[in-house]
Structure formats: structure tokens, C-alpha cells
Amino acid sequence: MPTKTVGALGIPKSMQQLEAIREFDPSRIIVVDTETTGLDPEKDEVLSVSIVDATGTVLFDSLVRPSRRRRWPDAQRIHGISWRDVSGCNELLDLGDDIDAVFRSALLVVGYNVEFDIEMLRAGGLRLSDAPLFDVMREFAPVNGQWNSYREDWRWSKLAACARHYGVPDFEAHGSLADAKATAACFSALIRDGEYERILLDMDIASIEASLEDARGRKSAKEAESRMEREAVRSLVFWLKLVSCATSALISLVVAVIPLSTCMALPGAILGVAFTVAITISVYMAVDAMSRHLVSRQDQRHIST
-7 MPTKTVGALG
3 IPKSMQQLEA
13 IREFDPSRII
23 VVDTETTGLD
33 PEKDEVLSVS
43 IVDATGTVLF
53 DSLVRPSRRR
63 RWPDAQRIHG
73 ISWRDVSGCN
83 ELLDLGDDID
93 AVFRSALLVV
103 GYNVEFDIEM
113 LRAGGLRLSD
123 APLFDVMREF
133 APVNGQWNSY
143 REDWRWSKLA
153 ACARHYGVPD
163 FEAHGSLADA
173 KATAACFSAL
183 IRDGEYERIL
193 LDMDIASIEA
203 SLEDARGRKS
213 AKEAESRMER
223 EAVRSLVFWL
233 KLVSCATSAL
243 ISLVVAVIPL
253 STCMALPGAI
263 LGVAFTVAIT
273 ISVYMAVDAM
283 SRHLVSRQDQ
293 RHIST
């Protein structure tokens, strides 16, 4: 199931959105963190889940017994969780109702690389509510200001670096509860950071300028299309006039030649030519009136666009 992410992923960032988040009830902003057997949602499993609210109040915290894996030496060196630690715990699906209840109450789900945590929980079989996500890792990146030339984007920092930046005390990384509490503190500091506000304002201005440029581009395209249509109409009218005149001239010639060739009186030929000229003038005036009407309609369309 796709997730909506506030900020760099999904929902566009703006100062208006930030101000709305600031007005949320902190108890309905949840901060989630997990520890896992690895980084592959298809192969690895969750070993611990911790959820706190925006004030750091613990809403859920539990170790989790994986259903397939028994060893994860690389991950264990990072978070220290072993099979012995979790062998007597519930599996993730056994905890699903309690975790789902916390998610259902949330207006916003916060985390540090939060999409990974959500993906791991869903890969384990949980059906989580589709609340918007706020990824502190991605939102802190431009505030920290280190550029990743390989990715051509702001460099992501470790949670420990973000915690140091905002002066979060007594933080020791790689325990899901400690990480969740530190992320909550970083989130609360970030959404009130003047530098973050400046970045969002710059993005608002850039978005407005892009919208104006897009509108100018659409207007230019319409003007070019209208010019082409007017030229096409004028060309059509020119050829209609030319054809009508040529046809009338041919008719005049035929009308004049036939009486003479049949030895009819000259006055009859003159009368026929005069009649044909009158028809020619009438056809030309009709074509000219039609052309003026078509050009007028094209000009009106051009003005309206």
C-alpha cells in the first residue's frame, strides 16, 4: 500500500503545512522505530518495535520473536539483540492489534527513515492505517547542509548527528525505544527551527515561480497555436478567392466564345459576359465576407485566450 509522506516524499512541503503540523495534538503524533534482522523486507524480520508520542510518552514498546530467522550476526553487532533475547517473546502478528490501535489514533507518523520502519512492519503482516508520514532524516538533511554529489541531493545524516545538532541529551543509538524518543525530540526541534522555516519559504517561492513560468509557457503555446490557425484561415481564404475568380473568368470566356462560334449576334455574347461578371462579383463578395467572418472569429479566440 503506498504511503503519503510529508516533505520530501509525497505531499509537497510548504509553510502552510508546517503551521498545520504545529497545531496538531502532540498525543496524536506518533513516532515509530524498529530494530530488525537486516535491511531486506523480503528476507529480514522485526526484532523490536517502539512507539512514542511527540512528547516522548511511551505508547508501545516490545521485543519481537522472528518467525523464520534464528541468527543475524551483522545486525546483532549494531543493536545487540540476540535470539536468546527474543526467543520467549511474541511474534509480530501477535502484537498486531495493539500496534494497529496506536496507528489508528495518529494524525501523523514520524520516524527517522520512517518508510523503512513502515515497510518492515507491513512486510511482517501488519495492516497499518494510512496516516501521512514525516521523515525527520530527509527533512533535516537540507538544514544540516551537507551535499551528496553522487546522489545530487542533500546528504542524509545519522540520527546521532541530528540529536547532537538539536542538543538531545543522554542519547545512545540503536535501541528502538531510545531511537524513538530521540526522533521525537528532533522532530519537535526541527518543526520550530528557523533555518527549516527559511528552507520551506524558499521552496514556496520556487513553487510559485515554477507555476508562473508554466502558465507563461502555456500562454505562449496557445498564442503560437492561434497564430498558426489564423495563418491557415487566411491561406484558405486566399485560395478560395483565387479559385472563385479563375472559375468565373473561365465561365465568362466560355459564355463569350459559344455565341460567337455559333454565329449568334454580338449583343447576346456581350449580355452573357455581363451576366457572368455579375455572378463573379457576387461570388467574390460572398467569399470575402466569409473570410472576414472566419478571421474575425480567430481574432476573438486569440483575445479570449
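Numbering-wise (the working numbering), the sequence shown opens with residue -7 and increments by one.
No residue lacks a Cβ here, since even glycine has one placed at the ideal position from N, Cα and C.
Candidates Asp122, Val38, Glu11 and Ala67: which alpha carbon is nearest Glu83's? Val38
Classify Leu234 as buried or exposed, calling it buried when 16 or more other Cβ atoms lie within 10 Å of its own Cβ. exposed
For Val44, which residues of its own chain have a beta-carbon under 7 Å away from its beta-carbon, when the five flanking residues on both sides are left out? Val23, Val50, Leu51, Ala172, Lys173 and Ala176
Taking the Cβ atom as the reference point for each residue, do Ala123 and Leu87 lie within a distance shorter than 8 Å? no
Other residues of its chain near Ser121: CB distance less than 6 Å, five sequence neighbours each side excluded: Phe95 and Arg96
Secondary structure at Asp32, three-state DSSP: helix, strand or coil? Asp32 sits in coil when the DSSP states are folded into three classes, being neither helix nor strand.
Assuming Met112 and Thr47 make a contact with CB atoms under 8 Å, what is their CB distance in whole Å? With 8 Å as the limit, Met112 and Thr47 do not qualify as a contact, their Cβ atoms being about 25 Å apart.
By DSSP, does Glu27 sit in helix, in strand, or in coil? strand
Considering only the alpha carbon of each residue, which of Arg119, Gly117 and Leu151 lies closest to Ala133? Leu151
Among Ser180, Val160 and Asp77, which residue has its Cα nearest to the Cα of Phe126? Ser180
To the nearest angstrom, how far is the alpha carbon of Arg69 from that of Asp185? 34 Å
Starting from Phe126, trace the beta strand (DSSP E) both ways and give me its first and last residue. Leu125 to Asp127
Looking at C-alpha atoms only, which residue of Val128, Cys81, Trp231 and Ile183 is the closest neighbour of Ser54? Cys81
Using three-state DSSP, classify Asn140 as helix, strand or coil. Looking at Asn140 - three-state DSSP - the assignment turns out to be strand.
Using C-beta distances below 7 Å, list every residue in its chain close to Asp90, excluding the 5 sequence neighbours before and after it, in chain order. Contacts found: Phe52.
Per DSSP, what kind of secondary structure is Ile73 in: helix, strand or coil? coil
Whose C-beta lies closer than 6 Å to the C-beta of Arg298 among residues of the same chain, with five residues either side of it excluded? There is no way to answer for residue 298, as the model of the chain reaches only from -7 to 297.
Chain-order list of residues whose beta-carbon lies under 6 Å from that of His166 (same chain, five-residue window excluded): Ile70 and His71
Does DSSP classify Gly103 as helix, strand or coil? strand
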